Amino acid sequence: MKKTKQLFSLFLLLFSLIIHSQQTIKGTVTEKSTGESLPGVSIVVKGETRGTETDFNGNYEIKNIKPTDILVFSFIGFKTQEIKTTTTTINIQLEEDAQILDEVVVVGYGVQKKSRILGNAVIVNSNDIKEVPVPSIDAALQGKASGVQVIQGSGLAGSANIVRIRGISSISAGGDPLYVIDGIPITQDYFLAGDSNGQNNNPLASLNQNDIESIEILKDAAAAGIYGSRGANGVILIKTKRGKSGLNFSFNSSTSFSNPTFKPNILNSNQLLEVYQEAWENDGNVGLATLPRNVSWTDALNTNTDWVDLVTKTGVSTRNAFSMKYGNKKVKLYTNISYDDTESFIVNDEYERISGRFNIDYTISDNLKIGLNTSISKGNYKQVNINDTWRNAQSFTLPFYAPYQANGDLDNTFPNPLVELQYRDRRNEEIRTINSVSIDYKPIKNLYIRGTASMDYMDFRRFYWQSREVGRIDGVPLNERNTFASAIPTFINNYNTNLTASYLWKASEKNSFNFLLGTEFQRSQSLFYKFVDSSNSNLDSVNSDLPLYHSNAQDYEREATGKSAFSFASYFGRIQYTFDNKLDLMVLTRVDGSSRFGKNNRYGFFPTASAAYDFSNDSFIEKSNFISRLKLKTSFGITGNSAIGNDSRFGAYSIPNSGTVYLGQPYRSIIRLENPNLKWETARTFDVGLEMNFLNNRIETEFSGYIKRSEDVLLDLFQVPSAGYGERLWVNAAEVENKGIEFNINSKNIQTENFSWSTNFNIAHNTNKLISLGGVSPDLLEGGFNDTRVIEGQPIGTNYLVRFARVDPNDGLPIFLDKEGNETKTFDLENRVSAGSVIPDATGGFGTKFKYKNWGLAADFVFTIGGNIYDGYAKRALGTFSDGNNSSNVRTDIYDRWRNPGDITNQPRLFYSNDQIQGLSSVWQYNHTGFLYDASYLRMRNISLNYSLPDKHLNGTFIKSLKFTFSGTNLLTWTKYPGGDPEIARDFQFQRDRNLSPNVSFLSVPQAKTFTFNINATF
Amino acid sequence: MNKIFIGALLLIITFFTSCDLEELPENVNINDPQSLTEIDELLNNAYNNLGWPLGGNAQLFSEINGDNINGLAGINSDETEIYNRSTSFFNNTIRDNMYRGFYRIILDANVVLNFLQPEYLQSIGEDSSSSRVAEMRGEALFLRGYMHFEISRFMSHSPGFTSDNSHLGVPYRKDYSNALGELRGSVAENYTDIISDLKEAESLLEAVNSKNQYFANKSVAQSVLAKVFFQGGFGPDLETGKTNYQSAYEYANLALQNTTATFDTNLYQGTNDFRFAGTLDASNNTTNTENPNTETIFGIISESTVNSKGDGFRRYRSDFTIGNVTTRLMQEVFNSIPSTDKRRSLIDVIDGEYFLNKFNRSIFHVPLIHYSEILLIRAESAAESGNISQAEMDLNQILTRAGLSNISGISTEQLIDLTRNQRRIELLGEGNRVNDLKRIGIKETSLTIRNAPWNCNGILFQFPATEVFTGFIQNPTGGCN
């Protein structure tokens, strides 16, 4: 009722103004940098209270203006302009005011003025990620924020990255941050496709880069604490684009060419035969060396196959996106459709994605708004097995092997990559749709109620097919030749609902409060299937002449193989108190319940308290010409982690089905023992931060430090083999500490009409220590491919190796150190010590941007200082030859080897057989620090040059802007690591590997070196 | 309008808070067995798992460890460690897998024994005194004893390696709920446990298994007891008052008397008759016509390609393209077989290399204990115990079938040598040889295996790293090269 009165009086006011009109001024207000219209710009007559606002199309009209009046145009985040009313049409371009800090940013379950934020949050805007195609959006964060370590997966299409915020605090449980898209925690399972040789499924690959408005990284408890149990590894908030006033179209198209950053430096046929012979003779053999597979020397000398060349190519990728934004008083709409076809440099490795998005906001009434987000994408990932191609091509498939037999068939008596390329077909198909509907309701003044319901649905299918031809070339009898066709569908349905109410209470001029209460519920259910041949339901694979995704393939029955679900409920509250725009105090608490824990430990309690004091308005800052802003903040909070399997706490028996019979009788087995006491992994974090700006905010800095102590860290333990259980047992046992400091600085060095130059730099140092493993043997955490381990008092991911000392100049044999540090020529795994760590001393990035008239030049660098890379394949590539017939090619580094008595080198003499090194039982055991390298690197992640067509060429056309960008990714890398690309995310089998073993290389696929040409047009 | 919205919101809140967050797994059963039938299904799992270690892998690794296999080609890197007799505690995947396979069966047996306790059976309303309960108990004890015996032969020396068998054996697991490690028992303790389990099984089992003719019965337990005492060979008496060979003889004799298996005179006669029998019909199932070989006292049955149990033996197949991992025999084995011996045709000579063709089929049943083996145990035990006529009689059955002339009146020493030689040929590829050598070495201390002393450290397999905890003593390493 009150509102109606207000409106009525406003009408009266306007009416009275019209009566006294003298002159009417009209015009449009646009944003200078984009040319887009700005709605809601306030226009007032200077010195008076009269004024208006621009409408949704940026238009305004103001009456009763005297020629002497001055109009003041102001809008939050933009520089205010004062214009004399000399004409009746005044079109204004407002310029963004970078100095204004009070932009509104998204925080957990709400928005907040940036100046009032207590936590440590970093925002990456779409402008920073728009023109450079990245394999997936998380890759765009690399080097952008201090303390956020991003290890890019590889150059493979759709490859998954590792993102670790403020170190590694989990061991067996997932260490990835929580990804929240428009308020929805999305499904993020890296192991949907199982362990697949470094080709793990990337849950973020289906998200379209073009749809992203901004990405925000919440690092500390004050920022991420509201996410309670899921905030321990940080939170990444992704906001998609929304409609704006007016009607705008945008078209973006790019073409990229990619090659590996590193071509394996392996030997050709003649070179390899030479070292082979030398190794043979070194071992005391005479005559010509026996070649693997009994290849004759004549054949070997006449064959020189470049296998790497056969499995690589220049990948050509295209990306096209078309989007529309529309807005009027009631409706705002954003829609986008895009088609990407990404080829990597590996033959037959291609990721195709078609995606669409539709975001709409509808204002029903003054106090009621409804929003709808929907997106759908279909990804087809055509894969090849990386072991069978990239890895074998530079290792077990030797240059003196010929691809074809004499009869023209492929030779399959060795790991021939062409068999994989020609006769096998692997494909992952993924359909994903993320939908949400939200209601914003304001029943009374200052009370905001928001409810959201969402559904994230994923249909993920893995296909594998092998042609009958493989049987033929293997000489399998005709009636035993099979194709192997399989399809493994997984359907994941993830529902999320949340409801929040926030109330602003301004108690007095200087004292204000902001209350938030909320509840959230999530349920995710995964359904697993396989396809079976109804004539033989026992087979995991079926005989099909075509891959099963093929429309002409025979239909097979789908059989459910399992179901897994978790549900998650939360209740949370937050109170923020602000005093005089100087002091902010906040307490929040969240109670989370997860079905993954038993009744006694189901709910966890996660409180956070934080405080910040802003000195900016204090006189000493206001008087200073140098310092323009100073803010101190601190927080303490408890967060948690529950990223474990849904059914980990249950003891279990298998359920017999028709397929599991022995001698006609069904059988059931005990799978695992129960752990009713399983509970939350928790982290206690203490943070301090200092924000300081200088020279009228042209230089912004932030310095922060933290101590994070994780307790009850979840361990997925092997049970001793004699217990007989195959599955692991989850326990809460370990304790981990992370300490770190972070610094970043952004500066606008030059800002003139035509020329601007800005730079940014950030660096973070984190130390990580395993305080205790709770009495558990580290070996019980082993298994899998990881060569790193956890050792009390050492960082997580310690390289545990025999120490290599030097090469004996007399005989060329390697000399190792025993546990006590004495030199020995006996290789003994008992002499392994903590010799290095995959965790770097510091990571960071820096970038610079130049803008001159219509030209722009930008470069981004990322770096890592310290830490180790362990080259897990060097034991073969620089080691011994004989391993039955599994001889490996070697790297050119081997040319530095010892050859004659007196040679001083770090490369031992060549060996044919591992028994030349005393105690070495197998070539695969030859892990020592000789293959441990400094992981430091500096990489020019990206350099781009852009040109925007000047407006004068576009006038009169329908095009509003046209921009060309030429960019190069990973063009330059400086590293001491000789084994390939220094950025390594290996073939992970478990979450633990993602935590422990990033920097362990095993013929890992390098990053792509890419050139991209991009056109962006708006109209 | 507003009231409707607030009402709807309240409804949603109620929905949220009323959830108890219980998500039960669906593809597994979280309940303990609720009937004897379900316990029987758990027991069946143990039989089904026999194919894991004993479907060819354990036999192959045992052969590689001995002197029948030429390991210069045809074996993978983990197997090369076995061949070089230097298995390390670190990541030997195949060893780890075999080790766990044996203990998996032991786990299944212990689970069954746990739920067969009278109190538990009563709690689920089953009669604890039924004859099937007793038989199932016998089967579980049999499997537990048998599997401990098999794994102990890889991980420890035969009885007699120390005069009181105080040398270390394996952890003897009797409790299914202990997920933690257990210390190794001594060989004396191991054999006491093994014999006690097997004897109890012998007393509980029927002449023919009431559930399935291929499951354990009395003669099966007696056969394994014969093998256990035979392995005890020259060591201190495992049963007071009798030498181990006397005990082995007695149990072999009982087993051969009680079993329904028969000596297969058709073997090696060029007829379609194989010890590893079984072929596929058109729908990929084993044909009904080809049953397990009549000599099978106890074995694993391959029902279809999906549950094919002898895949590990495919590594020998010479009817495929010879590949990187096609197992080769030592030339010396071939040469030791006289050209008149029909069993020589079990070896193919291809490009100067020697391949065993007795597993040249896509699917077959695996006889784990068969008549010929127990017959040879009886022969050798008889000879060792001075019962020469029985030894000659048994051995002549084997010789006759192989197309060789019978023996009589040769010295005891010659008789024993001949029996050992026949064991090597008759059981080629079945994983026996190295265990025989480790048994014989107790007496003939200068024996060598592929130029290394029979008792060098590395002849034993090392325990997997994951088995080791504070106090657990690993095997000593090295010394074999």
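Protein sequences, first through last, are from chains A and B. The first sequence stops at residue 1020 when you use this note's numbering, and every number in between is there. The second sequence stops at residue 911 when you use this note's numbering, and every number in between is there. No residue lacks a Cβ here, since even glycine has one placed at the ideal position from N, Cα and C. Everything numeric in this text was worked out from a predicted model, so none of it was measured.
- In this structure, the alpha-carbon of N128(A) lies about 50 Å from that of L411(A).
- Taking CB atoms only, T414(A) has a neighbour in chain B less than 9 Å away.
- Counting the other Cβ atoms within 10 Å of the Cβ of T31(A) gives 16 or more, which makes it buried.
- Take the alpha-carbon of N826(B) and the one of G833(B): they are about 10 Å apart.
- Exclusion of the five residues before and after N211(A) leaves N253, A322, S324, N337, S339 as the residues of its chain whose Cβ lies within less than 7 Å of its Cβ.
- Counting every other CB atom within 10 Å of its CB across the protein chains shown gives P478(A) a total below 16, marking it as exposed.
- Of the residues S914(A), A1018(A), G226(A), K1010(A), the one whose Cα lies closest to the Cα of L157(A) is K1010(A).
- For L691(A), no alpha helix (DSSP H) segment is defined; the enclosing uninterrupted segment is the beta strand (DSSP E) at 682–695.
- Separation of G729(B) and G871(B) (C-alpha to C-alpha, rounded to the nearest whole angstrom) is 29 Å.
- An exposed status is given to H954(A), since fewer than 16 other beta-carbon atoms sit within 10 Å of its beta-carbon.
- Take the alpha-carbon of Q795(A) and the one of G931(A): they are about 21 Å apart.
- If you draw a 10 Å sphere on the C-beta of I889(B), you find 16 or more other C-beta atoms in it, and that means buried.
- The count of Cβ pairs closer than 8 Å, one atom from the segment 143–156 of chain A and one from the segment 755–774 of chain A, reaches three, so the stretches are in contact.
- Closer than 9 Å to the CB of L686(B) there is not a single CB belonging to chain A.
- For the pair of segments examined, the segment 515–526 of chain A was found to touch the segment 568–579 of chain A: the number of CB pairs separated by less than 8 Å reaches three.
- Per DSSP, the unbroken alpha helix (DSSP H) holding E630(B) starts and ends at 617–634.
- Considering only beta carbons, the part of the segment 908–928 of chain A lying closer than 8 Å to chain B consists of D916, G920, S922, S923, V924, W925, Q926, in chain order.
- By the neighbour-count criterion, in which 16 or more other beta carbons inside 10 Å mark a residue as buried, F572(B) falls on the buried side.
- For E580(B), the enclosing alpha helix (DSSP H) covers residues 561–585.
- I742(A) has G706(A), H766(A) as its beta-bridge partners, per DSSP.
- Here the C-alpha atom of M941(A) lies approximately 20 Å from the C-alpha atom of S345(A).
- M528(B): member of the alpha helix (DSSP H) spanning 523–545, first to last residue.
- Excluding sequence positions up to five before and after A875(A), its CB lies within less than 7 Å of the CB of F932, G980, all in the same chain and listed in chain order.
- Residues of the segment 644–678 of chain B whose Cβ lies closer than 9 Å to any Cβ of chain A, in chain order: Y644, F645.
- Between the C-alpha atoms of E630(B) and D557(B) there is a straight-line separation of about 21 Å.
- Taking 9 Å as the CB threshold, A503(B) lines the interface with chain A.
- Only N647, D648, F651, G652, A653, Y654, S655, I656, P657 from the segment 641–659 of chain A bring a Cβ to less than 7 Å from some Cβ of chain B.
- At a cut-off of 9 Å between C-beta atoms, E471(B) counts as an interface residue with respect to chain A.
- Scanning its chain for C-beta atoms nearer than 6 Å, with the 5 sequence neighbours on each side dropped, one finds around V638(B) the residues N647, in chain order.
- A contact is defined here as three or more CB-CB pairs under 8 Å, and the segment 738–747 of chain B fails this definition with respect to the segment 396–403 of chain A.
- Taking all protein chains shown into account, F719(A) has 16 or more neighbouring C-beta atoms within 10 Å of its C-beta and is therefore buried.
- Taking 9 Å as the threshold, the shortest C-beta distance from A882(B) to chain A does not fall below it.
- Setting aside the 5 residues that flank it on each side, Q384(A) is surrounded in the same chain by Q200, D350, R427, R428, N429, each with a C-beta closer than 7 Å to its C-beta; the list follows chain order.
- Nearest in C-alpha terms to S802(B), of all of T695(B), V898(B), N905(B), N887(B), is T695(B).
- The Cβ atoms of G846(A) and N763(A) sit closer than 9 Å to each other.
- Interface annotation, I837(B): not in contact with chain A, CB-CB separation never under 9 Å.
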